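Here's the structure we're looking at; comments come further down.
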Amino acid sequence: MSNEVTIILNLLHPNQMRMVQEAKRFNVANCGRRFGKSKMAVNLLCEPALEGKPAGYFTPTYKLLEGTFNECLSTLSPIITKKHDNQFIQLATGGIIEFWSLDNPQ
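In this text, residue positions in the sequence shown follow this note's numbering: the first is 5, and each later residue adds one.
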């Protein structure tokens, strides 16, 4: 019996793939609604966490965290070892995804 788990990330469309492949240290995404920024963000958060690395997601307000937090939670559910509200998700790989809102200094 194998303990192997398969995690399926979002399939990115060609323009999203181009953005990911051409990304540098600092990036700005000027895209309209329905481009798939959130879906792309889920992949960009999950990939390093699956490799045992930390990742962080920052939004202007706390309310904007929830959707991405829930998508990451759903995607990574088989390997989550610890989670706390909309603050972090820790994985069996050793990776962690932290979620921060910038509307409160604390």
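Built from N, CA and C at the ideal position, the CB exists for glycine as well.
Keep in mind the model is a prediction, meaning the values are calculated, not measured.
Annotation for L80: the continuous alpha helix (DSSP H) segment containing it runs L69 to L80.
Straight-line measurement puts the Cα of N7 at about 27 Å from the Cα of T72. Partner residues in the beta bridge of I93, as assigned by DSSP, are K87 and I101. In the DSSP assignment, A59 is bridged to I101. Three or more Cβ pairs closer than 8 Å define a contact, and the stretch 60 to 74 meets that threshold against the stretch 98 to 107. Contact annotation: I84 and L54 have beta-carbon atoms that are not nearer than 8 Å. If you draw a straight line from the Cα of T65 to the Cα of L77, it is about 19 Å long.
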